[in-house]
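These protein sequence lines are chains A and B, in that order. If you're matching positions, the first sequence starts at 1 in my numbering and goes up one per residue. If you're matching positions, the second sequence starts at 1001 in my numbering and goes up one per residue. Backbone N, C-alpha and C fix where the C-beta goes; we use that ideal spot for every residue, glycine too.
Protein chains: 2
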Amino acid sequence: MYDLLKELRVVEGSAFVAAPTCGLYLAQMGAEVIRFDQIGGGPDFRRWPLAENGSSLYWEGLNKGKKSIALNLSSPEGRQIAQRLATAPDPAGGRDAGLFVTNFPVDGFLSYETLQKLRSDLICVRVMGWADGSQGMDYTINAALGLPQMTGPADDPRPVNHVLAAWDLLTGAYCAFTLVSALLARMRTGEGREIRAPLSDIGAATMANLGFAAETQLAGQQRPRMGNDIFGAFGRDFRTGDGQTLMLLAITPKQWSKALEVLDLSGEVAALEAELGISFAVDEGLRFTHRARLYPLFERAFAGRTAAELAPAFDAGGVTWGAYQPMEAALADPRLYKDNPAFETVRHPSGLSYPAPGAMATIPQDVRGRVRPAPRLGENTDEILAEVLDMSAGEIGRLHDAGVVAGADGR
Amino acid sequence: MYDLLKELRVVEGSAFVAAPTCGLYLAQMGAEVIRFDQIGGGPDFRRWPLAENGSSLYWEGLNKGKKSIALNLSSPEGRQIAQRLATAPDPAGGRDAGLFVTNFPVDGFLSYETLQKLRSDLICVRVMGWADGSQGMDYTINAALGLPQMTGPADDPRPVNHVLAAWDLLTGAYCAFTLVSALLARMRTGEGREIRAPLSDIGAATMANLGFAAETQLAGQQRPRMGNDIFGAFGRDFRTGDGQTLMLLAITPKQWSKALEVLDLSGEVAALEAELGISFAVDEGLRFTHRARLYPLFERAFAGRTAAELAPAFDAGGVTWGAYQPMEAALADPRLYKDNPAFETVRHPSGLSYPAPGAMATIPQDVRGRVRPAPRLGENTDEILAEVLDMSAGEIGRLHDAGVVAGADGR
């Protein structure tokens, strides 16, 4: 972790991916992030993949570096504690609180209207499904956007969902951005605000930002599926002579000329250019339009060599390429996991020790602090009640006895 | 747009998706974002999809609300102007500059070392491919992470690339977050920094954050591909009697019970639970383990009804579901595009008028400002040279004559 945000205290009431990654990114940049959960765990506490002892590798991956307090959120007193945490005053020393990240419903006990009565300058970033408040998750929003029908081999009409929860992830990072932006504004004006980030709007806006929406509007129908072909330029997966699959792409003129050079295709491509009366060098779109003519040349060139021959030649020649590798190979890849200084082996709440990443960006001039594992559920309950809500030991004991709060032992 | 960041001036030297979306998100939250490009356009200026007149719908989607200056970046003087823009002093009125977003190479003329000599407290957020500086793009990083082999129907071994550039998008939003975070830190300490955001680290960290990496390490191999089945819970696409495809999912106990209720499957599922001696209600993982037994029940239930029957029943019953729809249907969907208040029809540099989104989040208490289209390339060249670099009209004229800068007319 880094300490850019060490003056922030953020409260997170969340589940699943989007809101938890927002808190994760904030924590890994130095913010104190307090996540509250239902005693026994919220709806994401047992999400797969699981360790052998049943602990969720997913939960402990998404909550690294946070503090945990467990509350009975179906009791009025537990809900009140959640409200008080979200709206607690700034701690001493010029630190900023009143920063709340959540995916709780817009009109429930954690509504902005309710919370603002407790702290008028609250900043609340709220992940939502559909913008109208109705249920939506990454899977259903993605289906509504048209992407699964554009994804996968052209010869198979079945819709293909993405495995990576891309909308959740984008939403989480965008929420972290909006939270810090709203804090900057509050530092200047004193005003808080609610920021609503529905997956549906983030999906619709992104498809428009990338040109998909305008393209569909102009064409009257969405882009047809085309397997792994890179739209509007040159690129695809190719098989080497020894049966490896490599991704090759050429968008810029330089990427194109380098690929032709190393694959020894300049002559054949020049002949094709002469035949068609066009130049592939300048206009990447022509490489796409005529890809059915180009692919056989590349297929033959790949088939005539092994991956072991091509890899160093591509690297030496400055070609933009990559091998498809299963994740077990990725774990052994020094560039991704094995020797990656962003990762550190730590012991997690599951009891397992394995490498985990800190902040996803690197600041060369700053020292990367230790990677902090996720808390056990309720690990920081007492400390948070005492420090943030200024409760006495007696009061905290009463809350435990009444089942309103619980520690890491579940009581 | 909103004005949370109206006190920021950000300079962007970028191409493709990640760095431009970072600038886009900043601009749509009110920052002044100045993008410099090569005269005639950088490598992304003609990226597909294109309008009929050849304008890039992609470029004009990703650069909304920015200002544009066109420079000859292969000339020493053009490069010097880029350096001076990135490091220009704060404008009057307490506004913050010295904020630079780029995907230019780490060791080129826009290296942090070079720029820091011109402004010691510069904040530079740099999108990279691989962390070691070697070439990598969304497509090749994704191939290296193992995702394409986990994606798509289980009966087809071909790797499936994602169509949505998810790593670029996540990187762009994360960069916007780190830029504002670094500004907060600079406001407190006066120190700037370089923040490097390689797609490779963002990919590797994300796969670890979600538990994929630990899962693979424990199992010795990555998750097998399983089509559209939701891993570790219940969910998949199902065909209705009239041939529509709907996504249904049930992660929480409530989502599960609602789905059974509306599909009238409670009895059959209870019989299966009795036979297996388990409860699907409590443990979503069991629904996944025994999905081969559950799917036929759901397939029959869907096949026995039309989408028109199921949709209102699902909505009324609180089921988490969604229809797969092509993008042309999404455009007509009032929840996504048609009546979405985040969108506004504006005239774009292509000359076309079509709906475009502002900020992806909504702030109920603030007024959404007008959606601003992308600039024409070089549209703001003179204004930027005069205002940011304090150049005289004579000096600006000389730069045009020498071909160092160009306006929207390309000269």
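Straight-line Cα distance separating M247(A) from T1140(B): Residue mapping note: residue 1140(B) aligns to position 140 of the second sequence, counting from 1. Residue mapping note: residue 247(A) aligns to position 247 of the first sequence, counting from 1. Cα-Cα distance, rounded: 6 Å.
Boundaries of the beta strand (DSSP E) in which M247(A) is found, first to last residue: Along the first sequence, read from residue 1 onward, the residue named residue 247(A) stands at position 247. For M247(A), the uninterrupted beta strand (DSSP E) segment begins and ends at 245–250.
Collapsed DSSP secondary structure at F421(A) in the structure displayed: Residue 421(A) is absent from the structure shown; chain A starts at 1 and stops at 411.
Where N437(A) meets chain B, residues with beta-carbon distance less than 7 Å: Absent from the model: residue 437(A). The displayed extent of chain A is 1 to 411, so no value can be given.
Closer than 8 Å to chain A by CB, S1111(B): Here residue 1111(B) refers to the residue found at position 111 of the second sequence. It does not; no Cβ of chain A falls within 8 Å.
Residues near A1031(B) by beta carbon distance below 6 Å, same chain, minus five either side: As a first step, residue 1031(B) is located in the second sequence; it is residue number 31 there, counting from the start. Here A1031(B) has L1005, L1008, V1010 as same chain residues with Cβ atoms under 6 Å from its own Cβ, once five neighbours each way along the sequence are excluded.
Where the beta strand (DSSP E) containing T1320(B) begins and where it ends: On the second sequence, residue 1320(B) is found 320 positions in, with the first residue counted as 1. For T1320(B), there is no enclosing beta strand (DSSP E), as DSSP gives it neither H nor E.
Beta-carbon proximity check, A19(A) vs V101(A), cutoff 8 Å: Reading the first sequence from its first residue, position 19 is the one you call residue 19(A). Reading the first sequence from its first residue, position 101 is the one you call residue 101(A). Cβ atoms of A19(A) and V101(A): closer than 8 Å.
Given S1350(B) as reference, the closest of R1376(B), P1341(B), K1338(B) once Cα atoms are compared: Position 350 of the second sequence, counting from 1, holds the residue named residue 1350(B). It is R1376(B) whose Cα lies nearest to the Cα of S1350(B).
Sub-8 Å separation of G285(A) and W1048(B) beta-carbons: What you label residue 285(A) is simply residue 285 of the first sequence in a count that begins at 1. What you label residue 1048(B) is simply residue 48 of the second sequence in a count that begins at 1. Yes.
Euclidean distance between Cα positions of L263(A) and M1137(B): Here residue 263(A) refers to the residue found at position 263 when the first sequence is read from its first residue. Here residue 1137(B) refers to the residue found at position 137 when the second sequence is read from its first residue. If you take the alpha carbons of L263(A) and M1137(B), they lie about 20 Å apart.
Selection of the segment 247–266 of chain A by Cβ proximity to chain B, strictly under 7 Å: Residues passing the 7 Å Cβ filter: M247, L249, I251, T252.
Contact between the segment 367–383 of chain A and the segment 1203–1219 of chain B (3+ Cβ pairs under 8 Å): With the rule of 3 Cβ pairs closer than 8 Å, the segment 367–383 of chain A does not count as touching the segment 1203–1219 of chain B.
Close beta carbons around L1145(B), own chain, < 8 Å, minus the five adjacent residues each side: Sequence index remark: in the second sequence, residue 1145(B) carries index 145 (1-based). Within the same chain, L1145(B) has close Cβ partners G1203, A1204, M1207.
4-residue-minimum alpha helix (DSSP H) runs that sit fully inside the segment 202–282 of chain A, ordered along the chain: Those alpha helix (DSSP H) runs which fall completely within the segment 202–282 of chain A and span 4+ residues are 212–219, 253–263, 266–276.
Residue range of the beta strand (DSSP E) that includes L1071(B): Numbered from 1 along the second sequence, position 71 holds the residue referred to as residue 1071(B). L1071(B): member of the beta strand (DSSP E) spanning 1067–1071, first to last residue.
The segment 1171–1185 of chain B / the segment 295–311 of chain A touching (three or more Cβ pairs under 8 Å): Between the segment 1171–1185 of chain B and the segment 295–311 of chain A there are fewer than three C-beta pairs closer than 8 Å, too few to call the two in contact.
Near the ligand ZN: A208(A) beta-carbon under 7 Å from a heavy atom: Looking at this structure, you won't find the ligand ZN or any other ligand, since it has none at all.
Inter-residue Cα distance where the pair is R1287(B) and G1192(B): Taking the second sequence and counting its residues from 1, one reaches residue 1287(B) at position 287. Taking the second sequence and counting its residues from 1, one reaches residue 1192(B) at position 192. CA-CA distance, R1287(B) to G1192(B), rounds to 51 Å.
Three CB pairs or more closer than 8 Å across the segment 228–235 of chain A and the segment 165–173 of chain A: Pairwise C-beta distances place the segment 228–235 of chain A out of contact with the segment 165–173 of chain A, as fewer than three of them are shorter than 8 Å.
Within 7 Å of chain A by C-beta, residues of the segment 1191–1205 of chain B in sequence order: Contact annotation: in the segment 1191–1205 of chain B, residues whose CB is within less than 7 Å of a CB in chain A are R1193, E1194, I1195, R1196, A1197, S1200, D1201, I1202, A1204, A1205.
Proximity to E113(A) [Cα-Cα], best of I1069(B), A1165(B), Q1365(B), G1410(B): Here residue 113(A) corresponds to residue number 113 of the first sequence, with the count starting at 1. Of the candidates I1069(B), A1165(B), Q1365(B), G1410(B), the one whose C-alpha sits nearest the C-alpha of E113(A) is Q1365(B).
Nearest-angstrom beta carbon gap, A307(A) and Q255(A) [assumed within contact, 8 Å]: If you number the first sequence from 1, residue 255(A) lands on position 255. If you number the first sequence from 1, residue 307(A) lands on position 307. Incorrect: roughly 20 Å between the Cβ atoms, too far for contact.
Where the segment 64–85 of chain A meets chain B: residues whose CB sits under 8 Å from a CB there: Among the residues of the segment 64–85 of chain A, those with a Cβ less than 8 Å away from any Cβ of chain B are K64, in the order of the chain.
Spatial distance of F16(A) from D333(A) (CA atoms): Position 16 of the first sequence, counted from the first residue, corresponds to residue 16(A). Position 333 of the first sequence, counted from the first residue, corresponds to residue 333(A). Spanning the two alpha carbons is a distance of roughly 29 Å.
Beta-carbon spacing of T345(A), A250(A) below 8 Å: Numbered from its first residue, the first sequence carries residue 345(A) at position 345. Numbered from its first residue, the first sequence carries residue 250(A) at position 250. Going by C-beta atoms, T345(A) is not nearer than 8 Å to A250(A).
Residues near P1224(B) in its chain [Cβ-Cβ closer than 8 Å; skip 5 each side]: Translated into positions along the second sequence, residue 1224(B) becomes position 224. Excluding sequence neighbours, P1224(B) sits near M1150, A1154.
Bounding residues of the alpha helix (DSSP H) (the contiguous stretch that carries D1382(B)): On the second sequence, residue 1382(B) is found 382 positions in, with the first residue counted as 1. Element bounds for D1382(B): 1381–1387.
Range of the contiguous alpha helix (DSSP H) that encloses V180(A): One-based indexing of the first sequence puts residue 180(A) at position 180. The continuous alpha helix (DSSP H) containing V180(A) extends over residues 166–189.
Any C-beta of chain B under 8 Å from that of P373(A): Numbered from its first residue, the first sequence carries residue 373(A) at position 373. Chain B, which has no Cβ nearer than 8 Å to the Cβ of P373(A), makes this no.
Burial state of N1053(B), where buried means 16 or more other Cβ atoms lie within 10 Å: In the second sequence, the residue the question calls residue 1053(B) occupies position 53. That one is exposed.
Nearest-angstrom Cβ-Cβ length linking A197(A) and V127(A), presumed shorter than 8 Å: Translated into positions along the first sequence, residue 197(A) becomes position 197. Translated into positions along the first sequence, residue 127(A) becomes position 127. Cβ atoms of A197(A) and V127(A) come within 8 Å of each other, at about 5 Å.
Backbone CA spacing between L115(A) and F109(A) [nearest angstrom]: The count along the first sequence starts at 1 and reaches residue 115(A) at position 115. The count along the first sequence starts at 1 and reaches residue 109(A) at position 109. If you draw a straight line from the Cα of L115(A) to the Cα of F109(A), it comes to about 8 Å.
Limits of the unbroken alpha helix (DSSP H) element including Y1025(B): Residue mapping note: residue 1025(B) aligns to position 25 of the second sequence, counting from 1. Counting along the chain, Y1025(B) sits inside the alpha helix (DSSP H) bounded by residues 1018–1028.
CB of A1374(B) within 8 Å of CB of G1358(B), strictly: The count along the second sequence starts at 1 and reaches residue 1374(B) at position 374. The count along the second sequence starts at 1 and reaches residue 1358(B) at position 358. No, Cβ-Cβ distance for A1374(B) and G1358(B) is not below 8 Å.
Start and end residues, beta strand (DSSP E) containing D1401(B): Taking the first residue of the second sequence as 1, we reach residue 1401(B) at position 401. D1401(B) -> not in any beta strand (DSSP E); alpha helix (DSSP H) instead, spanning 1393–1401.
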